[in-house]
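Reminder that position 75 of the sequence shown reads as 74 in numbering that gives the first Met the number 0, one-by-one numbering, no gaps.
Below: one structure, written as structure tokens.
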Amino acid sequence: MKKLRVIQYHIERKYKEVCNTYTKGHIRNVFSIKNFEKSGDHYSYGQLSIRYFLISANVIEENGLETDKMYRKRLELLDDSGLDLNSCLQFLLEYYSQLMKPESTITDIRILHETVRSTVFISDLFTDKAQFAWMLKVFLELMNIHGVEDELIHQYLIVGICKAVGVLNPDIDIYEQTKKMLVQFLKSPFLPTRISCLYGLLYILEGCVLSNIAIGRVSEELQILLPCAWEYIQMNINSDHPILQQSQEHTLLIWSLAFYLMENVDEAHLESNFVTSTLQAALARVRKKQVNYVDKCIIKVSNRYH
């Protein structure tokens, strides 16, 4: 592993020396950039990790590590700009609370959709666990009110709920409720909803891994979610469904989820032959004469796993 790191950094440094401009085809450092499901430059789900949110909320301290450096850099930029972020967030959350009240009869459904969507994205700026708790409470209420057919709003509710659960590590009942939600919507014919579920699983699993203090065992919370993750991976990692095959984001998310499990959960706690079958599927993809962007990502992350 140490030699692979040295080789990776050497290749990356040499490549930067040759290229004077940033291109989409840049070499990605598979040791420092873990979320290889990010295939574009646009702002989207999964932009920041649960570890980052825990640092920004002063739940954990990791002085000097990369995630902490990112957070410190953000604080410097905010200080330089003079922007009072906390006041801005307080104003928005109070306003959004009125718009998203379950008993509200004046909020147009289109405004509600955009309010929920906006909440999910500004949650990347949250600096207090209470803000995540507010989002979890409001989104769970909306989830119960709006039928499963309203998937335009559910795709955002799913991400917000899972992000909040990953940060808060709430009661077991909430994990059970979240699992039922994920199991239901992972069967959805609406692809964006499935994608939201996969991002949500990554959020929750990271939260479970970070909060797990059981030596040699997995936490009860992780035990609840693991079957949901590996069952979907096994059913869809080699899917011949035309819509799923066309979606690069969905495919990358499945592989990212699979490798996250293999890297962070002991094989004894995973489904029998999960690791073997996943690596065999990866090998089958990269053996093709022509490899695409997804295959290249799999090759790179396989180097990290080995």
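Virtual Cβ for every residue (Gly too), placed ideally from N, Cα, C.
It should be emphasised that the depicted structure is a prediction, and the values quoted were computed from it without experimental measurement.
A contact between stretches requires three or more CB pairs, one per stretch, nearer than 8 Å, and the segment 201-214 meets this requirement with the segment 43-56. In the structure shown, F125 adopts coil according to DSSP, grouped into three states.
As for any alpha helix (DSSP H) of minimum length 4 sitting wholly inside the segment 197-247, the runs are 219-235, 241-245, ordered along the chain.
The alpha carbon of M134 has as its nearest neighbour, out of R286, L76, L151, T114, the alpha carbon of T114. If you check the CB distance, E61 and D67 come in under 9 Å. For D79, the enclosing alpha helix (DSSP H) begins and ends at 65-80. F184 is classed as buried because its beta carbon has at least 16 other beta carbons within 10 Å across all chains shown.
Residue range 84-98 is occupied by the alpha helix (DSSP H) that includes N85. T106 sits exposed, since fewer than 16 C-beta atoms from the chains shown fall within 10 Å of its C-beta. Close CB contacts of T118 within its chain, under the 7 Å cut and outside five residues either way in sequence, are with Y95, M134, G159 (chain order). Judged by DSSP in its simplified three-state form, K288 adopts coil rather than helix or strand.
Rounded to the nearest whole angstrom, the C-alpha separation of L167 and K128 is 7 Å.
Restricting attention to D265, L225, K162, the CA atom closest to the CA of L124 is found in K162. DSSP places Y44 outside any alpha helix (DSSP H), giving it a letter other than H or E. Contact check for V208 against H268 fails: the beta carbons are separated by 9 Å or more. Between D149 and S187, the alpha-carbon positions lie close to 11 Å from each other. With respect to the 9 Å criterion, V293 and R284 are classified as neighbours on the basis of their beta carbons.
In this structure, DSSP gives D172 a helical state, which the three-state scheme calls helix. A direct Cα-to-Cα measurement between N57 and L84 gives close to 16 Å. Non-local C-beta neighbours of I110 in its own chain, meaning closer than 8 Å and more than five positions away in sequence, comprise L98, ordered along the chain. Residue range 150-167 is occupied by the alpha helix (DSSP H) that includes I152. For A56, the three-state secondary structure derived from DSSP is coil. Pairing I236 with F131, the inter-Cα distance amounts to about 32 Å.
By a beta-carbon distance limit of 8 Å, I194 contacts H249. Their separation comes to about 6 Å.
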